[in-house]
Amino acid sequence: MNRLLTIVFSFIIINVSQAQVDMVSFEEYYNSFSNEEEISEDKRQALYPLYFKSPLIDEAEFRTETNEFDLAQQEYTLRLSPNSKKIRKYQNRIYDDLRNEYLFELRQSQEDYLEDLYNSYLEYYFDVQELNLRKQILPIYEDIITMLSKQNKDGELSVSDLINASKERDKLQIRIERDQQRLNTQKDLAANSQESIIAVDELEKIFAMIIGINMPSQTYDEHKFELNRIENQYQLEKAEKDKLFDFAQIRYNSNPDDIWEEKINLGFAFRFPHSSKSSLDLIELQLEKMIEEEKFERQKREIEENIEENYTNFLEQFENYNAAQKLISTLKKYEELTKSIQPSSKSEIVEILELNIESIEEQIDLINVKKDLYDSYIELAKAMGYLQITADDFHLKLLSPQLVDLISK
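The numbers in this note's numbering rise by one with no breaks, and the one at position 12 of the sequence shown is 12.
And the structure:
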């Protein structure tokens with residue numbers, strides 16, 4: 001009987017560490033897989049040839065005229081049309097906004113890529129944990145098969161039970177090999193780090209701290225560009241309409257009868273700022289601005305509703321996790337109970353071993369619930385704008401165990 005008890009609880013003293021899959025942090029994972037920064041840098045370089053700065057002179061014309069094709073009576077005219085200060089200001093703003101919109105689209109692409117990478121890492125992280133637990137089940141199946149292979153007191157074998165246990169072991173072995181190969185392909189695993197991800201208990205603290213902080217300004221950028229474009233276009237049209245000084249010109253001609261006599265005329269042109277077309281253009285832009293302002297307010301509400309929806313989902317997933325964790329804690333007392341039982345037959349030993357398998361499978365179920373929680377955490381972080389690229393690399397630290405300390409600073 002002592003030997004049987006040794007078999008029953010052998011899984012407790014198995015050195016599972018030799019079969020464990022090691023884990024890496026998200027930063028290591030990101031550095032191993034991401035070349036997005038290099039791609040974005042190449043795209044940023046594309047802006048340099050497109051530099052614009054509004055000139056002081058809008059147009060420069062040089063004219064020459066003759067009198068009845070007499071080159072001796074040649075006349076020259078230089079006309080300069082300047083830009084007003086306001087015209088230069090809003091031309092530069094239009095360029096800056098277009099440039100910033102392009103950079104924003106690059107950030108959006110990086111944000112989508114980063115979200116995929118976070119989801120990929122979380123899948124990798126929890127798959128590693130699940131695989132390690134499944135590896136603990138395998139030797140228990142071996143013990144069950146060993147027990148079922150023995151004859152009972154009547155000299156009989158449980159053939160059907162033995163076959164079923166062998167099938168379950170083989171299926172588990174195939175799954176472990178498949179998952180092991182996939183994880184090894186996905187990542188060259190480094191040193192084990194159980195603290196490579198922020199703890200569940202810290203997640204609520206994170207959003208309690210973050211919600212009191214203003215969201216990143218980039219959160220609304222996508223909805224501001226069109227509004228800014230219309231506003232700047234309106235101001236540019238208005239500046240052009242209000243422009244008073246049209247052009248200045250210098251005219252030069254010579255006297256063919258007296259080569260020492262030359263004439264230089266200086267002229268200026270002023271305009272009256274009235275045009276039914278320009279007035280209509282301004283009214284059109286004003287109406288477009290009013291329409292876009294309404295859209296912007298609606299989009300702001302949609303962003304806030306999206307954040308609220310994701311936060312509600314996060315809280316629900318947190319409750320699901322707490323419920324699953326509570327169930328695991330409740331079932332632990334039954335594990336202690338099975339350890340105190342002294343099995344008197346082969347069937348009782350097999351039943352206890354099967355209970356051990358069920359206990360590990362419940363831990364696997366908890367891992368899946370935990371993954372859903374972290375997925376909802378990343379979704380909420382994205383909705384609040386915290387996946388966007390920042391100078392302090394905060395977007396790469398959302399899973400850092402030290403995140404609470406980073407936000408507190």
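Positions of the beta carbon are idealized from the N, C-alpha and C atoms, including for glycine.
The structure displayed is predicted, hence computed values, not measured ones.
Pick from the options that is closest to residue i, judged by C-alpha positions
i    : options                : result
S279 : Q235, E308, F318, Y113 : Q235
T330 : R301, S347, Q363       : Q363
Q180 : R301, D127, F314       : D127
Q388 : S345, K397, N310, Q108 : Q108
E231 : D281, N184, A269, V200 : D281
R63  : N253, L50, V200, F225  : N253
E111 : I140, Q342, H395       : H395
L50  : Q74, Q173, D96, E59    : D96
L122 : K371, L403, K397, L398 : K371
K263 : A60, K326, E75         : E75
S347 : S149, Y311, E316       : S149
Y141 : A323, A165, D365       : A165
I174 : L138, I206, D201, M209 : L138
E105 : Y124, L203, F225       : F225
R182 : Y125, Q342, E61        : Y125
T315 : V369, R178, L244, L398 : Note that residue 315 is Leu in the sequence shown here, rather than Thr. Measuring from the Cα of L315, the nearest candidate turns out to be V369.
L398 : E61, L203, K326, N132  : L203
Q402 : R178, R301, V200       : V200
Test item: CB-CB of residue i and residue j under 7 Å
i    : j    : result
R271 : T77  : no
Y321 : L380 : no
N227 : E304 : For the sequence presented, residue 227 should be read as Leu rather than Asn. No, they are not a contact pair.
I328 : Q136 : no
M384 : I307 : yes
S84  : F247 : no
A239 : I378 : no
R79  : Q299 : no
I349 : E130 : no
N313 : S400 : no
I176 : R134 : yes
H223 : F296 : yes
Residue i - partner residues in DSSP beta bridges
i    : result
I57  : P82
A269 : F247
I264 : Y252
E316 : Bridge partners of E316: none, in fact.
T77  : R63, R251
Endpoints, the alpha helix (DSSP H) within which residue i is located
i    : result
L355 : 346 to 383
Cutoff 7 Å: residue i Cβ touching any chain B Cβ
i    : result
F318 : Among the protein chains of the structure shown there is no chain B, as only one such chain exists.
Residue i CB to nearest heavy atom of the ligand GDP below 6 Å
i   : result
I94 : With respect to the ligand GDP, the structure offers nothing, as it holds no ligand at all.
Would you be able to state if there are at least three C-beta pairs under 8 Å between the stretch 348 to 356 and the stretch 285 to 302? The stretch 285 to 302 makes no contact with the stretch 348 to 356; the number of CB pairs closer than 8 Å stays below 3.
With three or more C-beta pairs closer than 8 Å as the rule, is the stretch 324 to 344 touching the stretch 92 to 103? At 8 Å Cβ cutoff, the stretches do not touch.
Could you check whether the stretch 116 to 124 touches the stretch 160 to 170, counting it as contact only if at least three pairs of C-beta atoms, one from each stretch, sit closer than 8 Å? A contact between stretches requires three or more CB pairs, one per stretch, nearer than 8 Å, and the stretch 116 to 124 fails this requirement with the stretch 160 to 170.
Count Cβ pairs between the stretch 169 to 182 and the stretch 134 to 145 that sit closer than 8 Å; are there 3 or more? The stretch 169 to 182, when compared against the stretch 134 to 145, does touch it at the 8 Å Cβ threshold.
Taking contact to mean at least 3 C-beta pairs separated by less than 8 Å, is the stretch 49 to 61 in contact with the stretch 77 to 94? Pairwise C-beta distances place the stretch 49 to 61 in contact with the stretch 77 to 94, as three or more of them are shorter than 8 Å.
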